[in-house]
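The structure under discussion appears below in the form of structure tokens.
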Amino acid sequence: MKFTAIATGLIAAFSLVSAQLTAPMQNYNVSSPVSNGPYVMGQILPCTIQLFENVMSDIQLSISLESAVSANATYVVAASVDVSKTTASAKKNGNVTYYEHSVNYKIPTTLIPGVYKVVFFDSRTNTHLDVPINVLPVASASVVKNPSMTGSSTISPTSPGSIFKSDNGNGVGTMSPTKAVLSLACVAAFALML
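The number in the numbering used here is simply the position in the sequence shown, starting from 1, with 509 added.
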């Protein structure tokens with residue numbers, strides 16, 4: 510049991526470290542977006558950089574979103590990113606002090622879903638760090654307006670379903686609290702085995 514807990518902790522620590530990407534000049538890190546991560550149109554794309562206290566970081570940074578397949582599909586996320594080292598942006602991780610700045614960009618709903626790259630461009634050193642991401646379409650809720658088309662009958666619920674109530678016309682059946690607790694205990698046991 511101790512071995513499993515220690516191994517899980519080490520794996521989590523390594524995955525956190527590997528989630529950060531280092532700039533070519535090694536003067537800043539990018540902690541988000543996550544490389545090859547899924548992001549949805551109309552939602553926020555977080556862009557976070559970290560500047561370290563003991564590293565010279567005379568940079569002028571901009572961020573853009575570019576299509577990986579079409580050269581003319583470029584969107585400006587931030588023309589100029591705050592790279593100051595102030596107490597307001599200071600964070601500590603153990604003995605290390607770093608300065609974190611974030612830009613939250615709402616992904617346009619007019620994008621074509623696919624593979625894009627978030628480009629962090631330093632105009633002082635003429636270097637860039639590309640983070641590949643997957644832009645997914647907005648999930649749409651499909652509503653059947655004519656239930657007879659699917660072979661079902663019309664159901665008009667009067668209240669939202671609950672696992673603790675008896676069937677109230679919306680298709681949710683009875684589940685006792687004991688059964689619900691037992692189900693949760695089984696899920697917790699399964700999670701511990703992982």
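Every residue gets a Cβ at the ideal spot worked out from N, C-alpha and C, and that includes glycine.
Tell me the rounded alpha-carbon separation between residue i and residue j.
i    : j    : result
N563 : L693 : 48 Å
S662 : G551 : Its pLDDT being 49, under 50, S662 is placed unreliably in this model, and the coordinates cannot settle the point.
V624 : D567 : 31 Å
A697 : V647 : 32 Å
Q569 : T636 : 11 Å
P533 : T618 : 32 Å
V590 : L703 : 41 Å
K594 : N581 : 35 Å
N613 : L701 : 35 Å
Y584 : P542 : 16 Å
D631 : I558 : 12 Å
Q535 : D639 : 14 Å
S598 : S576 : 31 Å
K626 : S540 : 15 Å
N604 : S649 : 47 Å
Report the residue from the options whose alpha carbon sits nearest the alpha carbon of residue i.
i    : options                   : result
S579 : L620, P555, N635 and N604 : L620
V549 : R633, V696, A698 and K615 : K615
P622 : K594, L701, V644 and V543 : V644
Y608 : M565, S544, I642 and L701 : M565
C556 : V592, A599, S598 and H610 : H610
So residue i is in the beta strand (DSSP E); what residue range does that whole segment cover?
i    : result
S544 : No beta strand (DSSP E) holds S544; DSSP gives it neither H nor E.
P555 : I553 to F561
Apply the 10 Å Cβ neighbour rule to residue i and answer buried if 16 or more other Cβ atoms are within range, or exposed otherwise.
i    : result
N772 : Shown here, the chain extends from 510 to 703; a query on residue 772 therefore has no answer.
I553 : exposed
L560 : buried
V586 : buried
Fully enclosed by the region 571 to 659, which beta strand (DSSP E) runs are 3 residues long or longer?
-> 583 to 587, 599 to 602, 605 to 615, 623 to 631 and 636 to 645
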